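Counting with the UniProt record's numbering, you get residues 1 to 164 for the letters of the sequence shown. Glycine residues also receive a C-beta, built at the ideal position from the N, C-alpha and C atoms. Since the structure is predicted, the reported quantities are computational estimates derived from the model, not experimental observations.
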Amino acid sequence: MTKDIVKKKVRDILDEYLEANNHRKTAERYAILDAVYDMRGHFSLDELGLELETRNFRVSRATLYNTMRLFIELRLVIRHRFIGQTKYEACYDNEDHIHQICTVCGTVTEIESPEIADAIRNTKLHRFRKDGFSLYIYGICSRCQTVLSRQKSKSSNQKQGKNR
Ligand SMILES: [Zn+2]
Ligand SMILES: [Zn+2]
């Protein structure tokens, strides 16, 4: 699905919801949705606020928060609780990746895993309708591994020096 099609589909979902619930179709909500689907990867509320400012939309934090809550309900956005930080992510047509989380520096990277996506698709659920999934793999990123192994060899060199 191209980005334009995705953006149209999610706008339709919001349209339908607002119409069905007699909510006003404020330009603000659509601007936020558009920005969300233009942001790449994971973002915080502050980052989203800044993006909207560059588009000349000043939106209060409370409005952003409430709008994101609505988007989560509508399955347009997913909220991640990464280590020490809450991040959001557009999730329509964007659910088949998994997250690698470094437990040392907190960096989150994404990888594609068709095997896991297939396995989950084929998993029989118990009295449950699946709307999506999100998977985290915890470990240590290569940068932190390099730093850690350097520290290790440094301290073992120091120990050897003392013994001499
Ligand atoms: Zn992600
Ligand atoms: Zn790291």
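Beta-ladder partner(s) of residue i, from DSSP
{"i": "Ile85", "result": "Just to set this straight, residue 85 is Gln in the shown sequence, not Ile. The partner list for Gln85 (beta bridge, DSSP) reads Phe82."}
{"i": "Ile101", "result": "Val108, Tyr138"}
{"i": "Ala90", "result": "Val77"}
DSSP-derived helix/strand/coil call for residue i
{"i": "residue 165", "result": "Outside the displayed range of the chain (1 to 164) lies residue 165, so it cannot be described from this structure."}
{"i": "Val6", "result": "helix"}
{"i": "Phe43", "result": "strand"}
{"i": "Phe133", "result": "coil"}
{"i": "Thr26", "result": "coil"}
{"i": "Ser60", "result": "coil"}
{"i": "Thr67", "result": "helix"}
{"i": "Thr54", "result": "helix"}
{"i": "Thr146", "result": "helix"}
Of the residues the options, the one placed nearest residue i, counting alpha carbons only
{"i": "Glu110", "options": "Ala35, Leu74, Glu95, Tyr17", "result": "Glu95"}
{"i": "Val77", "options": "Gln160, Cys141, Tyr37, Gly49", "result": "Tyr37"}
{"i": "Glu28", "options": "Glu16, Gly41, Asn56, Glu73", "result": "Asn56"}
{"i": "Leu52", "options": "His23, Arg40, Asp34", "result": "Asp34"}
Cβ distance (whole Å) where residue i is taken to contact residue j below 8 angstroms
{"i": "His80", "j": "Leu135", "result": "In fact, because the Cβ distance is near 11 angstroms, the residues do not count as touching under 8 angstroms."}
{"i": "Ile140", "j": "Val104", "result": "6 angstroms"}
{"i": "Asp93", "j": "Met1", "result": "5 angstroms"}
{"i": "Ile83", "j": "Ile72", "result": "The Cβ separation is near 20 angstroms, so there is no contact."}
Inter-stretch contact at 8 angstroms, needing at least 3 Cβ pairs: the segment 40–49 / the segment 63–71: Contact annotation: the segment 40–49 touches the segment 63–71, with at least three C-beta pairs closer than 8 angstroms.
Three-pair Cβ contact test at 8 angstroms for the segment 151–158 versus the segment 117–131: Judged by Cβ distances under 8 angstroms, the segment 151–158 makes no contact with the segment 117–131, as fewer than three pairs qualify.
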